[in-house]
Every structure is written in C-alpha cells, then in structure tokens.
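Worksheet for the structure shown next.
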Amino acid sequence: MSAALDIRSLSVRYGRTDVVRDVSIRVARGESYALVGESGSGKSTILRAVVGMVPDWRGEIEVDGAPRSALGQGAFAQHCQMVFQDPYASLHPRRTVDATLSEPLRIHGIGNRDAQVIEMMRSVGLDPRYRFRFPHQLSGGQRQRVAIARALMLDPKLLLLDEPTSALDVSVQAEILNLLVRLRAERGLTYVLVTHALPVVSFLCDRLGVLHKGQLVEETGVAALHDGAFRAPYARELYQASLGAGDRVRDAG
Ligand SMILES: Nc1ncnc2c1ncn2[C@@H]1O[C@H](COP(=O)(O)OP(=O)(O)OP(=O)(O)O)[C@@H](O)[C@H]1O
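All residue numbers for the sequence shown refer to the UniProt record's numbering, where the first residue is 1 and numbers rise by one.
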C-alpha cells in the first residue's frame, strides 16, 4: 500500500544555503509522525516543501502514492492541508468563520455549504453561534479550532501541523491536543507534526524523526521518549534537555 507521505532524498536551498539535506521520510496512512530538532534545523521547511511553498528543492515527494508535481493545486488540497502555528496570522482578519470555512467548498464547487460549515464547527468543538464572528472576536483556542476546521473542509487525509499549539496558552494547548487526537481517530487522519515540545510528541504521535542541521539523524518510535533509547548523540542531547517537561503535558492532556 502506498504511504500517506513519501519524501525521498529531499534537499532544499535558500539562496546558496542548503537548509534540508537528503532527507527521506515515509509516513504510513493513519500514522502520526513528528519532526523534532532545534530551531533552524529545517523542520518547517520540510512541511513547506510538501505543500509547494519553497522554490528551490530537489528530491521526490509523493502524497497518497501520487507525485506532488502530478497533483494540481485543487487535487493536492483534497489530499493534504497544513495548519500553522499562529491562527491569528493564518486567518483572514476580515473574514467571518462562515466565510473562511465555506471558501474551500465554494472553490471546489461543493454545495450544501451551510450545513457542512455548521457540521464542521460542531466537529471541532465550536458553537455554531460563532459562525458570523471575525477572528478578533474569538479566543486563541477558538481561532485554532477554525484553522483546523478550515483544513478539514475538503476532507483531506493528511494534515501537516506546524507547531499547532505553541502560540496558545498552556491551558488551551491541552484542549487543542485532545481535539487533534479525537479528529485523527474519527477521520482516520495522518499527521506530520513539527514541534519543539517532546511531551506533545508523546501525546500525539507514534513515531518521530530527529533533524539536526537539515539532516535526519534518527527515526524511532515514541517509546524512546519514555526510555531514552536514542542512538544518535544529538537525539540523546535533545531528549536529556527535555526531561521533566513530559509530566506537565501528560497532566494537562
Ligand atoms: N524564506 C527563507 N529565506 C531564507 N532562509 C530561510 C527562509 N525560511 C527559513 N530559512 C532558514 O532556513 C533554516 C531552516 O528554517 P526552518 O524554519 O525550516 O527551521 P525550523 O527547524 O522549522 O525552525 P523553528 O523551530 O525555529 O521554526 C533556518 O536557518 C532559517 O533561517
């Protein structure tokens, strides 16, 4: 069976600098995979390459068995969507929740939009009476629920999550993480998550890849976050630095 996401020998350059070097990652359908590593290691760049937001890249990217380049923008949007760190920046300030959620349906010529918007709002835990509110009239957590809802409107199976909770208050982070766990189970989603927070990885993911200076230095199951069984020295360092944080998120989650 083809993978949800198959990245082979991906390299990305900004100007003359290689920021991602020869990275291969295969994420199975229904799996939740985390990319971790220090700031600037190239995590977000990999997600951006998948969604076509970097100009200078080499390698192969397949989504659901189809080469990224063979999927037009419309078809790609039905397979894969990205959720960004800051929902305030990623939502149009002058669009209501209704306008934001109906737009993908309108672009794709999908009818029955009112009912679908209301159903999706319920599905992400947003009261439908917020339907005609603007982003500034919502809390941070509600805004991130709108961003997640927007990503799901076309029923894609692959979600790329770029630090989806790190811009939120700690109390709200747990709510959004729980929502992501529930949505994955209900909809059979595949996640690729970028984060600095290893406790979030334990909570949400099955497997993780450790990036260091643009290279994938280790891939392992999340059990390594409990027993510390990392092989690569850099991955061990990252794990040691995170010790103690796990209990806090497990309690919150
Ligand atoms: N548009 C851009 N132009 C030039 N360099 C960029 C651009 N975007 C990112 N970079 C550089 O590419 C490298 C990788 O950035 P990237 O955002 O992928 O890292 P990251 O691991 O996601 O970091 P963080 O955890 O801080 O978000 C960094 O050195 C960054 O400065």
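By construction, the Cβ of each residue, glycine as well, lies at the ideal position given by its N, Cα and C atoms.
Start and end residues, alpha helix (DSSP H) containing residue i
i      : result
Val146 : Gly140 to Leu152
Thr100 : Val97 to Ile107
Asp227 : Ala224 to Asp227
Thr165 : Counting along the chain, Thr165 falls outside any alpha helix (DSSP H), and DSSP gives it neither H nor E.
Met53  : Element bounds for Met53: n/a, residue is neither H nor E.
Gly74  : Gln73 to His79
Ser24  : First-last for Ser24: Thr17 to Val27, but that is the beta strand (DSSP E), not the alpha helix (DSSP H).
Gln240 : Pro233 to Ser242
Ser202 : Leu198 to Leu204
Contact check, residue i vs residue j, beta carbons under 7 angstroms
i      : j      : result
Ala3   : Val27  : yes
Arg131 : Asp155 : no
Ile148 : Val124 : yes
Ser44  : Val194 : yes
Glu175 : Gly141 : yes
Arg68  : Ser11  : no
Gly228 : Val20  : no
Ile25  : Gly221 : no
Ala223 : Phe230 : no
Glu31  : Asp206 : yes
Ser9   : Asp18  : no
Gln85  : Asp169 : no
Asp56  : Arg13  : yes
Arg143 : Tyr88  : yes
Gln81  : Leu198 : no
Reference residue i, options the options, closest by Cα
i      : options                          : result
Asp64  : Pro55, Val54 and Gln78           : Gln78
Leu180 : Val83, Phe132, Ala232 and Arg106 : Val83
Arg145 : Ser90, Ala185 and Val20          : Ser90
Val217 : Tyr234, Arg13 and Ala75          : Tyr234
Leu5   : Met153, Arg94, Ala197 and Leu189 : Leu189
Met120 : Ala151, Ala66 and Tyr14          : Ala151
Arg133 : Asp169, Met1 and Thr96           : Thr96
Pro164 : Val201, Val51, His136 and Glu38  : Val201
Ala75  : Ile107, His92 and Leu177         : Ile107
Ser166 : Arg236, Val117 and His196        : His196
Leu211 : Glu237, Gln73 and Ile110         : Glu237
Arg1   : Gln240, Ser242 and Glu62         : First, the amino acid is wrong: residue 1 is Met here, not Arg. Checked all of Gln240, Ser242 and Glu62; the closest Cα to Met1 is Glu62.
Limits of the unbroken beta strand (DSSP E) element including residue i
i      : result
Glu175 : That residue, Glu175, is in no beta strand (DSSP E); its alpha helix (DSSP H) goes Val170 to Arg187.
Gly59  : Trp57 to Val63
Met1   : Segment: none, Met1 is in no beta strand (DSSP E) and carries neither H nor E.
Leu193 : Thr190 to Val194
His212 : Arg207 to His212
Arg114 : Contrary to the premise, residue 114 reads as Asp rather than Arg in this sequence. Unbroken run through Asp114 is the alpha helix (DSSP H), Arg113 to Ser123; no beta strand (DSSP E).
Ala34  : Ser32 to Val36
Leu91  : Segment: none, Leu91 is in no beta strand (DSSP E) and carries neither H nor E.
Leu126 : First-last for Leu126: undefined, no H or E at that position.
Gln215 : Gln215 to Gly221
Status (buried if at least 16 other CB within 10 Å, exposed otherwise) for residue i
i      : result
Met53  : exposed
Gly42  : buried
His226 : exposed
Leu138 : buried
Ile46  : buried
His136 : exposed
Val36  : buried
Glu186 : exposed
Met153 : buried
Ala70  : exposed
Ala34  : buried
Leu243 : exposed
Relative to ligand 1, what is the chain-ordered list of residues with a Cβ closer than 5 angstroms to any of its non-hydrogen atoms? In chain order, the qualifying residues are Tyr14, Val19, Ser39, Gly40, Ser41, Gly42, Lys43, Ser44 and Thr45.
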